Structures are given as C-alpha cells and as structure tokens.
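In what follows, a single structure is set out as structure tokens and then discussed.
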Amino acid sequence: APLAAAAAALGHAQVEIDADGIARSVFLREGRGAPQHAHFALALLERVAPQELAPLRVTPHPDLAHAPADAWVRDQQLLIPFLGPPGHFTTLSYVDVLSGAVEPARLRGRWVLAVAAAQGLGDAYATPLSRAGRTTPGVELSANVLQALRDGRGILPVGRALRVALGALPLLLAFAGFLWLSPRQSLLLLAALWIATLAGAALALQFAGWWWPPAAALIVLTAAYPLWNWRRLEATQRFLDVE
C-alpha cells in the first residue's frame, strides 16, 4: 500500500511465453475478472505523454463480455516488433547516473527506464532476436513495447480464412503448372513459388506488420514434386502394362 500510494501509476510487467519458450508478445491489459491493469509501458505512456499514444495494432479478447468473474482476464495482445537484438537500447549504470558520472545531456529529452537488468536476476527472456545464448532483459521488452505504442507499430496475425487462402494459392499454381509444363519446368516453377512464398511472408511482416506463417505451404510445396512424379510414373507404368 505505501508503494501504491506513492506511485504515479501502476502497471503489470507480465510477458507471454509461447510453447517453444520464446517471448514474442505481451497483453496490454490484464486483471482479475476484467483487464483493468495496463502494461507497464502503456501505463507509463498514458501517464506521462498520452498524446504520443498511437492507434493500437493489437488482437482483442474474442469474448471479453463472457469472461468468468474470478478468472484472470487478458486483452489487447501485442506481438512485439523488436527493434534489435539484446543490447539494442542504450544502457547506463544507475550508480553512475546518481553520482554525476553521466553527462545530463545524455539523458535530456529521453525516456529513462530504471530497473535491475543483470542476467542472474531472472528477469530475462529468450526472444526471436536472441543470439548465442543471450537473453533479453525484461526492461528491453518494455522498451520495445513503449516504442511500438509511440510509433503505432505492432504485428497482426492474418485471419484464418486469409491464412488458408494464402497457403492454397501457391499450391494451386503448382498443380496448374504440373498439368501444362514439362518436369523440368515444373521443378523451376516449384522453386520460384517456394522463394516467392517465403519472401512474401517476410516482406508482409517487415513492411506491413502482417504475420502469416508460411511453413505449412512450404512443406507441401517441397513434397509436391516427388509425389507428383511418383504418380506420373505410376500412370506411365499402367499405360505400358495395358499396351
């Protein structure tokens, strides 16, 4: 209670960990029965500079009105658009700042997040940009979220119908090519479709903030050519047997 009374605002710092152990998102609002607690970055921005809060690119709760009253409810999931690997943000020693060893000009006009960020304290996570066993401190995740909220950036997964359509399109093109192209040309077509599918997913994520997982389409494209040729050989064998 004394800390709550002295604080300008309160915010949660929960990070969502996916099934593979990678932290990719946060929920901007969480709470018991209703998502009344804002994420730390959102609470900070709403308190200090609400005019800098850009329109949110988040995934809302699918059925918030029917959430159980005693359940912990989460809303507005933000897939974090990471700006860089661990260490991307400038880090200064808290003691150096207090002692005056850091020039005030380095802090003037900047957002400053003061936390304990040592690796051994446990507040560190594996992220999509973690490399060589390095983890990302929780404060850097909050810094990425804060910048995403200011810039109006965020990653939105495509809907189920569009996801199925995008996965089926290269397969339909490949099957059409099998009917009209030679085996050599079909192989070249498959290679082109494989590259275009992967590049399209990467470009959509990089420039539009839309996430479409291409793995399923790439796996089927990879398996399509040997399966199709096996069927062609079987058809040829049956024809020769009949003859």
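Using this note's numbering, the letters of the sequence shown map in sequence onto residues 893 to 1135. No residue lacks a Cβ here, since even glycine has one placed at the ideal position from N, Cα and C. Since we're looking at a predicted model, the values are computed, not measured.
- Put simply, the backbone Cα of Gly1092 is about 45 Å away from that of Val994.
- Rounded to whole angstroms, Leu1071 and Gln943 show a C-alpha spacing of 58 Å.
- Secondary structure at Pro1020: coil, using DSSP grouped into helix, strand and coil.
- Counting along the chain, the unbroken alpha helix (DSSP H) around Gly1059 starts and ends at Arg1052 to Trp1072.
- No Cβ-Cβ contact shorter than 9 Å links Ala997 with Gly1030.
- Within 10 angstroms of the beta-carbon of Phe1067 lie fewer than 16 other beta-carbons, which makes it exposed.
- Within the region 947-973, complete beta strand (DSSP E) segments of at least 3 residues are found at 964-971, given in chain order.
- With a beta-carbon spacing of about 11 Å, Arg1052 and Trp1104 fall beyond the 8 Å limit used to define contacts.
- The way I'd put it, the region 900-920 does touch the region 953-970; three or more beta-carbon pairs between them come closer than 8 Å.
- Shown here for Leu937: same chain residues with a beta carbon closer than 6 Å to its own, the five before and five after excluded, namely Leu945 and Leu1041 in chain order.
- C-alpha of Leu1132 to C-alpha of Glu1126: approximately 10 Å in a straight line.
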